[in-house]
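In structure tokens form, the structure reads like this:
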């Protein structure tokens with residue numbers, strides 16, 4: 001049985017969300033090396049970005065809304081941490097993966113769509129890593 005993980009402070013909570021995002025990315029990487037299902041992998045790219053953005057909000061003591069809307073989370077993050085690289089990202093299509101991948105019976109993305117989504121996750125991951133590093137220093 002895995003040992004329970006208790007949050008000691010805000011930074012532990014931020015690391016916990018980042019770790020959960022890494023778990024989503026692990027699933028994406030596993031699916032990427034197969035013929036699919038790419039819809040599931042796309043869902044996990046959205047989830048990873050959502051968790052990474054929420055970790056920024058937690059870092060700055062902003063209440064985390066119950067939303068899957070990446071554009072809304074991006075806007076909230078930019079209010080407290082105006083990073084140009086984060087502002088430049090277009091998260092519109094990835095936001096749709098939160099619902100489309102689970103409920104849209106016509107949503108069957110190709111591998112190229114997944115690769116684009118994964119590239120975006122990696123950009124967000126790098127931005128969040130820089131923000132967390134600078135705030136923890």
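Residue numbers (our numbering): 1 to 137.
Each residue gets a CB set at the ideal place from its N, CA and C atoms; glycine is no exception.
Contact annotation: the region 11-23 touches the region 46-53, with at least three C-beta pairs closer than 8 Å.
At the C-beta level, residue 131 and residue 83 come within 8 Å of one another. In terms of Cβ geometry, residue 113 and residue 94 do not form a close pair [threshold 8 Å].
Counting only residues of its own chain and dropping the five nearest sequence neighbours on each side, residue 107 has a CB closer than 7 Å to the CB of 39, 100, 101. As the crow flies, the alpha-carbon of residue 133 is around 13 Å from that of residue 12. Take residue 76, set aside five residues on each side of it, and the residues of its chain with a beta-carbon closer than 7 Å to its own are 57, 62, in chain order. Around the beta carbon of residue 29, fewer than 16 other beta carbons lie within 10 angstroms, which makes this residue exposed.
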